[in-house]
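Undergrad:
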Amino acid sequence: MELIPKEIKEQIPKLYDTEDQKDPIVFCKLFLDGWTWFITELSIDGDICFGYVVSPFCEGELGYFFLSELNALKNPLKLGIELDEHFTPVPLSKIKKTS
């Protein structure tokens, strides 16, 4: 199952396309339990993401992650990563202020 629908993937800039931007746009939000992934860039093959991650272990960190690895994650109830279907694109600075 695709975590991110094609119509959203098509909006996300490719890796490194926003590296010179001071405040890139976050295009989608994925979550599971206390973890949240905010995606700002996506590789051409659609697997490698760059974005902002908030977890129980950090208050927020920029970095790379793989959708294929996230798709394999399950919590103790066997629930997987979910896409926030109500999320609307916002500047990263807004996410950092609220996380």
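According to this note's numbering, the residues represented by the sequence shown are 38 to 136, in order.
Where is the CB? At the ideal position from N, CA and C, for every residue including glycine.
(1) Mind checking whether phenylalanine 102 and valine 90 have CB atoms under 8 Å apart?
(2) Which of helix, strand or coil does DSSP assign to serine 105?
(3) Quick check on the burial criterion: 16 or more other C-beta atoms within 10 angstroms. Buried or exposed for cysteine 86?
(4) If I'm right that glutamate 119 touches leucine 79 with Cβ under 8 Å, what's the distance once you round it to whole angstroms?
(5) If you follow the alpha helix (DSSP H) that glutamate 47 is in, where does it begin and where does it stop?
(6) Looking at the structure shown, is isoleucine 132 part of a helix, part of a strand, or coil, going by DSSP?
(7) When the Cα atoms are used, what is the spatial distance from isoleucine 81 to lysine 133?
(8) For proline 93, which residues from the same chain have a beta carbon less than 7 Å from its beta carbon, with the 5 sequence-adjacent residues on both sides left out?
TA: Quick look at the numbers:
(1) To locate residue 102, count along the sequence shown from 1; it is residue 65. To locate residue 90, count along the sequence shown from 1; it is residue 53. A contact, by the Cβ cut-off of 8 Å.
(2) Along the sequence shown, one-based indexing puts residue 105 at 68. Helix at serine 105.
(3) To locate residue 86, count along the sequence shown from 1; it is residue 49. Result: buried.
(4) Here residue 119 is taken as the residue at index 82 of the sequence shown, counted from 1. Here residue 79 is taken as the residue at index 42 of the sequence shown, counted from 1. Contact flag wrong, Cβ pair sits at about 18 Å.
(5) For this step, residue 47 is matched to residue 10 along the sequence shown. Glutamate 47 -> no alpha helix (DSSP H), and no H or E assigned at all.
(6) Taking the first residue of the sequence shown as 1, we reach residue 132 at position 95. In the structure shown, isoleucine 132 sits in a helix (DSSP, three-state: H, G or I).
(7) Within the sequence shown, residue 81 is the residue found at index 44, counting from 1. Within the sequence shown, residue 133 is the residue found at index 96, counting from 1. Near 26 Å, if we compare the C-alpha coordinates of lysine 133 and isoleucine 81.
(8) In the sequence shown, the residue the question calls residue 93 occupies position 56. Gly71.
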